[in-house]
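Participant: I have a structure here, written as structure tokens, and I will follow up with some questions on it.
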Amino acid sequence: MGVQELADLSRSGSGSGRDGRAAVDKAMSLLTSFGQEAYSGVGVSELARRSGLSKSTAFRILGMLERNHAVERVGSDYRLGSELHNLGGRVYAPQHSTVRDVLTPFLADLYEATRQTVHLAVLHGPDVLYINKLYGHRTVASPSRVGGRVPAHCTAVGKALLAYSGQDSEELIGSNLAARTSKTITDIGRLRAELAQIRRTGVAFDNEESRDGLVCVGGVVTGAGSRPVAAFSVSGQVSRYAPAAAEPALRRVCMAASRALSASQVALAS
Numbered sequence: 025m026g027v028q029e030l031a032d033l034s035r036s037g038s039g040s041g042r043d044g045r046a047a048v049d050k051a052m053s054l055l056t057s058f059g060q061e062a063y064s065g066v067g068v069s070e071l072a073r074r075s076g077l078s079k080s081t082a083f084r085i086l087g088m089l090e091r092n093h094a095v096e097r098v099g100s101d102y103r104l105g106s107e108l109h110n111l112g113g114r115v116y117a118p119q120h121s122t123v124r125d126v127l128t129p130f131l132a133d134l135y136e137a138t139r140q141t142v143h144l145a146v147l148h149g150p151d152v153l154y155i156n157k158l159y160g161h162r163t164v165a166s167p168s169r170v171g172g173r174v175p176a177h178c179t180a181v182g183k184a185l186l187a188y189s190g191q192d193s194e195e196l197i198g199s200n201l202a203a204r205t206s207k208t209i210t211d212i213g214r215l216r217a218e219l220a221q222i223r224r225t226g227v228a229f230d231n232e233e234s235r236d237g238l239v240c241v242g243g244v245v246t247g248a249g250s251r252p253v254a255a256f257s258v259s260g261q262v263s264r265y266a267p268a269a270a271e272p273a274l275r276r277v278c279m280a281a282s283r284a285l286s287a288s289q290v291a292l293a294s
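Here you go:
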């Protein structure tokens, strides 16, 4: 949406002196109102109802968003447009796709060795970003999804990456640790102690800290110069999976993956 369009929309409001930020709020309210129908499409009246806007205002904003390819028409309905996909792809570092491509074969090796749900993740601010995930027919309920983010302090991949990041954990995630379950670590001192333990043992655990009933073991993957780049994890249902049993396979795969990632980064740099 252009600056002039925002200004026009603001002036066309209720006359209450709303500025351009109010127009952005309206546009964002509409975009987040699509929900699960972002691809199939939603009608103007329903979008207006969900976003708390009048139908005429919703129609006007949707027209501006359509001209900028943020939404597109599907008959008389609207759905999210291609420009949002393009913008979303720029949120994350471009090297993540390279990391995913290099490490996915090793993620497959980890799945073959454990037959449990396995993840590949990187740090993104205070969260972990899942860039790949493999699972079999016996899946487990998990907060992870490819492209999704979860607070780092309550996941095995996140704690493994925090432990080897070389930065103080509070610099990365702050001291206010949100609880996902009753077992989530919310005390920064306790988290520091656990990160120190991870550095001694080389593996991290999630003991029902991100979701009740889900347990996980994670290990870091390093790149050139032994810099932590990503992490693998193996997760399963607490009633039928012991994370420690996956440790040997996890360590073996992390070492092999680290060698391959380092070699690929050196090759790219030369």
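If you use this note's numbering, the sequence shown corresponds to residues 25 to 294, in order.
Ideal placement from N, C-alpha and C gives every residue a C-beta, glycine not left out.
Keep in mind that this is a model prediction, so the values were computed, not measured.
#1: What is the rounded straight-line gap between the Cα of residue 123 and the Cα of residue 79?
#2: When you compare the CB of residue 249 with every CB in chain D, is at least one pair closer than 9 Å?
#3: Quick one: what's got a C-beta closer than 7 Å to residue 187's C-beta in the same chain, skipping five residues either side?
#4: Taking just the CA atoms, how far does residue 50 sit from residue 256?
#5: So what's residue 254 in DSSP terms, helix, strand or just coil?
#6: Compute the beta-carbon to beta-carbon distance between residue 209 and residue 233, rounded to the nearest angstrom, for a pair I have assumed lies under 8 Å.
#7: Between which two residues does the alpha helix (DSSP H) harbouring residue 223 extend?
#8: Decide yes or no for the touch test of the region 48-67 against the region 86-102: beta carbon pairs closer than 8 Å, at least 3 of them.
#9: Is it the case that the Cβ atoms of residue 130 and residue 284 are separated by a distance below 9 Å?
#10: Buried or exposed for residue 243, going by 16 or more other Cβ atoms inside 10 Å?
#11: I need the boundaries of the beta strand (DSSP E) containing residue 141, first residue and last residue.
#12: Whole-angstrom Cβ separation of residue 142 and residue 261, contact assumed at under 8 Å?
#13: Alpha carbon to alpha carbon, how far is residue 235 from residue 121? Give it in angstroms, no decimals.
#14: Take residue 86 and list the residues in its own chain whose beta-carbon comes closer than 8 Å to its own, dropping the five residues that flank it on each side.
#15: Do you know how far the Cα of residue 151 is from the Cα of residue 175?
#16: To the nearest angstrom, report how far apart residue 61 and residue 52 are at their CA atoms.
#17: For a test of the three-state rule: what should DSSP assign to residue 204, helix, strand or coil?
#18: DSSP three-state label for residue 209, please.
#19: Check each candidate in 161, 156, 93 and name the one with the smallest Cα separation from residue 168.
#20: Are residue 230 and residue 273 close, meaning C-beta to C-beta below 9 Å?
#21: Could you tell me the distance, in whole angstroms, from the CA atom of residue 56 to the CA atom of residue 108?
#22: Note down the Cα distance separating residue 171 from residue 111, rounded to an integer number of angstroms.
#23: Verify whether the separation of the beta carbon atoms of residue 154 and residue 173 is less than 9 Å.
#24: Return the chain-ordered list of same chain residues with a C-beta closer than 6 Å to the C-beta of residue 213, the five sequence neighbours on each side being excluded.
#25: Could you pull the start and end residues of the alpha helix (DSSP H) that residue 77 belongs to?
#26: Checking 9 Å against the spacing of the C-beta atoms, do residue 241 and residue 127 come in under that value?
#27: In terms of alpha-carbon separation, which member of 282, 204, 75, 276 lies closest to residue 136?
#28: Would you kindly work out how many angstroms separate the C-alpha atoms of residue 253 and residue 268, rounded to a whole number?
Facilitator: With the structure as the only source:
#1: Straight through space, the alpha carbons of residue 79 and residue 123 are spaced by roughly 45 Å.
#2: Note that chain D does not occur in the displayed structure, where there is just one protein chain.
#3: So the list reads 219, 222, 223, 228, once near-sequence residues are dropped.
#4: Rounded to whole angstroms, residue 256 and residue 50 show a C-alpha spacing of 40 Å.
#5: Strand.
#6: Contact flag correct, Cβ pair sits at about 7 Å.
#7: Annotation: the continuous alpha helix (DSSP H) that includes residue 223 extends over 212-225.
#8: Touching, yes, given that three or more Cβ pairs across the two stretches are closer than 8 Å.
#9: Closer than 9 Å, so yes.
#10: A residue is called buried once 16 or more other Cβ atoms fall within 10 Å of its Cβ, and residue 243 is buried on that count.
#11: According to the DSSP assignment, residue 141 belongs to the beta strand (DSSP E) that extends over 141-148.
#12: Going by Cβ atoms, the distance from residue 142 to residue 261 rounds to 14 Å, so no, they are not a contact pair.
#13: The C-alpha of residue 121 lies about 27 Å from the C-alpha of residue 235.
#14: Residues of the same chain with a CB within less than 8 Å of the CB of residue 86, apart from the 5 flanking positions on each side, are 54, 68, 71, 95, 102 in chain order.
#15: Cα to Cα, the separation comes out at about 4 Å.
#16: Answer to the nearest angstrom: the Cα atoms are 16 Å apart.
#17: Residue 204 carries a coil assignment under DSSP once its states are collapsed to helix, strand and coil.
#18: For residue 209, the three-state secondary structure derived from DSSP is coil.
#19: For residue 168, the closest alpha carbon among the candidates 161, 156, 93 is that of 156.
#20: Going by C-beta atoms, residue 230 is not nearer than 9 Å to residue 273.
#21: Spanning the two alpha carbons is a distance of roughly 12 Å.
#22: If I take the Cα positions, the gap works out to 14 Å.
#23: Yes, Cβ-Cβ distance for residue 154 and residue 173 is below 9 Å.
#24: Apart from sequence neighbours up to five positions away, no residue of its chain approaches residue 213 with a beta-carbon distance below 6 Å.
#25: Counting along the chain, residue 77 sits inside no alpha helix (DSSP H), nor does DSSP assign it H or E at all.
#26: Contact flag unset, no.
#27: When only C-alpha atoms are compared, the closest one is 276.
#28: Each residue's alpha carbon lies about 23 Å from the other.
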